[in-house]
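See structure below.
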Amino acid sequence: MLPPRPPGPPAMPERGPGATVRGQVLAGRVELLDPVGEGGGSVVWRARDLRTGEVVAAKLLRQAEAGSLLRFVQESSTRIRHDHVLAPMTWVAEDGQVALLMELVGGGSVASLVGDFGALPPLLAAELLRQACEGLQAVHEAGVVHRDVTPANLLLRATGAGRPHLLLSDFGVAVRLDGPRLTRVDRVVGTPGYSAPEQERGGDPAPAQDLYALGRVAHEMLTGLRPQPDVPDVDLSGSLPREAPPVLRDLVRSLLAPDVRDRPVSASDARARLDHPDLAWRQGAMGEVEVLDHLAEEDPPPEDPLPRPGARSAREVTGEQAGGPVVALAAVAILSAAVLLWALVQLL
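Count the sequence shown with the working numbering and you get residues 463 to 810, in order.
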């Protein structure tokens with residue numbers, strides 16, 4: 463069994479103008495409880511939906527990120543229905559801030575799993591990689607490039623069934639291939655260490671960039687080592703553990719290929735390579751069950767699921783999930799003209 467590493471202190475969002483604090487209520491609807499992560503120009507909080515009493519995840523705009531509001535609006539209208547994709551349930555806006563409300567996934571993330579246990583058993587890494595490929599396949603078939611595939615954005619639902627359930631999350635910098643580019647051309651989007659070489663050079667978004675990032679994630683799962691942006695890809699592939707099945711090592715090497723033409727042609731192609739007898743999921747093999755005990759630790763229910771008296775009331779703007787794969791354009795139009803004007807000015 464892999465012993466867990468002692469947890470570090472929780473990350474806190476930056477303070478300053480427009481900073482959020484515990485107990486703050488947004489749009490009279492969302493009470494912020496605790497920060498749980500940040501990245502891609504946003505901060506994620508554990509929050510309480512005062513309308514339903516449910517504890518959810520709220521992804522907040524970092525106001526210093528120019529143009530992020532438009533990407534948030536785009537994300538709320540780009541719902542991709544798939545078992546391994548986490549879509550927003552609703553959104554609220556107030557005074558130039560937007561919060562996307564999503565399911566609070568109770569099993570942590572691939573980042574927290576590797577942080578707690580180090581290198582994962584190869585069969586567990588292969589299963590997580592398989593599910594990530596399925597999620598990316600759905601995203602790419604919808605004409606979307608994620609552009610920020612990292613261990614922190616691969617969430618793990620606590621099923622208690624002895625097998626992980628991965629969810630691809632955080633579409634804050636995703637783009638549609640047939641839509642306008644919302645990021646300025648002189649800015650590189652993505653997380654250093656996970657971005658493809660052509661992405662760092664400012665190349666046009668393409669699914670191959672997500673596949674490269676997934677290769678970086680796979681390398682981290684198999685070695686327990688976070689990527690170093692200055693380490694050549696050839697050195698990364700050479701450090702893969704020898705106990706990993708050759709078919710898995712070959713796939714990771716191809717995902718990390720500097721030349722796009724040497725990578726799998728699609729997420730579906732990468733997923734097909736994982737259908738190998740040496741990578742078949744076997745309950746209890748190589749310590750998977752011991753590691754997966756970590757995934758069964760559900761978050762405790764909130765002590766007070768009801769709205770607290772005296773919660774600050776404000777004008778609320780929301781976009782409810784309509785049940786279909788795409789939100790009606792009218793829902794996006796509900797955002798006030800002043801808020802959208804602010805975002806457009808930031809892009810100039």
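Built from N, CA and C at the ideal position, the CB exists for glycine as well.
{"Query": "Taking only three categories from DSSP, how would you classify Gln486?", "Result": "coil"}
{"Query": "Just to confirm the assignment, what range does the alpha helix (DSSP H) spanning Met683 have?", "Result": "669-685"}
{"Query": "Considering only C-alpha positions, which residue in the set Leu639, Ala675, Asp578 is nearest to Val722?", "Result": "Ala675"}
{"Query": "Please determine, among Glu682, Ala614, Leu590, the residue with the shortest C-alpha to C-alpha distance to Ala742.", "Result": "Leu590"}
{"Query": "Between Ala658 and Gln671, how many whole angstroms is the CB-CB distance? I'm expecting something under 8 Å.", "Result": "4 Å"}
{"Query": "Which same chain residues end up closer than 8 Å to Arg484 when comparing Cβ atoms and leaving out the 5 residues on each side of it in sequence?", "Result": "Leu494, Leu495, Asp496"}
{"Query": "Between the beta-carbon of Gly605 and the beta-carbon of Leu639, is there less than 8 Å?", "Result": "yes"}
{"Query": "Please state whether DSSP places Ser631 in a helix, a strand or coil.", "Result": "coil"}
{"Query": "Span of the alpha helix (DSSP H) holding Asp712?", "Result": "708-717"}
{"Query": "Are there three or more Cβ pairs, one per stretch, closer than 8 Å when the stretch 554-566 is compared with the stretch 504-524?", "Result": "yes"}
{"Query": "Looking at C-beta atoms only, is the number of pairs between the stretch 570-580 and the stretch 612-622 that lie closer than 8 Å three or more?", "Result": "yes"}
{"Query": "Can you tell me whether Ser504 is buried or exposed, with buried defined as 16 or more other CB within 10 angstroms of its CB?", "Result": "buried"}
{"Query": "Are Pro550 and Ala706 closer than 8 Å when you measure CB to CB?", "Result": "no"}
{"Query": "With a CB to CB cut of under 6 Å and the five nearest residues on each side skipped, what residues in its chain are close to Arg715?", "Result": "Ser699"}
{"Query": "By the three-class DSSP mapping on this structure, what secondary structure does Ala499 have?", "Result": "Looking at the sequence shown, residue 499 is not Ala but Gly. If DSSP states are grouped into helix, strand and coil, Gly499 belongs with the strands."}
{"Query": "Which runs of the alpha helix (DSSP H) fall wholly inside the stretch 566-598 and span at least 4 residues, in chain order?", "Result": "572-579"}
{"Query": "Considering only their Cβ atoms, is the gap separating Gln690 from Arg655 smaller than 8 Å?", "Result": "Note on residue identity: the sequence assigns Gly, not Arg, to residue 655. For Gly655 and Gln690, yes; Cβs fall inside 8 Å."}
{"Query": "According to DSSP, which residues form a beta bridge with Met551?", "Result": "Beta-bridge pairing links Met551 to no other residue."}
{"Query": "Any idea what DSSP makes of Gln690, helix, strand or coil?", "Result": "coil"}
{"Query": "Could you give the DSSP three-state label for Asp740: helix, strand or coil?", "Result": "helix"}
{"Query": "Using the beta-carbon count (16 or more within 10 Å), is Asp740 buried or exposed?", "Result": "exposed"}
{"Query": "Between Val518, Pro708, Val607, Asp692, which has its C-alpha nearest Leu673's C-alpha?", "Result": "Val607"}
{"Query": "Along the alpha helix (DSSP H) that carries Ser730, what are the first and last residues, could you check?", "Result": "729-735"}
{"Query": "Taking DSSP as the reference, what is the three-state secondary structure of Val611?", "Result": "coil"}
{"Query": "Hey, how far is the Cα of Leu736 from the Cα of Gln486?", "Result": "45 Å"}
{"Query": "Can you look up Asp511 in the DSSP assignment and give me helix, strand or coil?", "Result": "strand"}
{"Query": "Confirm, please, whether the CB-CB distance from Ala732 to Leu713 is below 8 Å.", "Result": "yes"}
{"Query": "Is Arg725 near Leu717, with beta carbons less than 8 Å apart?", "Result": "yes"}
{"Query": "Relative to the C-alpha of Trp553, which residue among Leu628, Val492, Glu500 is closest?", "Result": "Val492"}
{"Query": "If you run the structure through DSSP and keep just helix, strand and coil, what is Leu698?", "Result": "helix"}
{"Query": "When you compare only the Cα positions, how much space is there between Glu596 and Arg625?", "Result": "16 Å"}
{"Query": "Can you tell me which residues form a DSSP beta bridge with Leu639?", "Result": "Beta-bridge pairing links Leu639 to no other residue."}
{"Query": "Please look up how many angstroms separate the CB atoms of Thr653 and Asp610, rounded, as I've assumed it's under 8 Å.", "Result": "6 Å"}
{"Query": "Report the option in His544, Thr514, Gly634, Leu512 whose CA atom is closest to the CA atom of Ala594.", "Result": "His544"}
{"Query": "Identify every residue that forms a DSSP beta bridge with Arg559.", "Result": "Residue 559 is actually Gln in this sequence, not Arg. Note: Gln559 sits in a beta bridge opposite Glu556."}
{"Query": "So if DSSP puts Glu493 in a beta bridge, which residue, or which two residues, is it bridged to?", "Result": "Val487, Arg510"}
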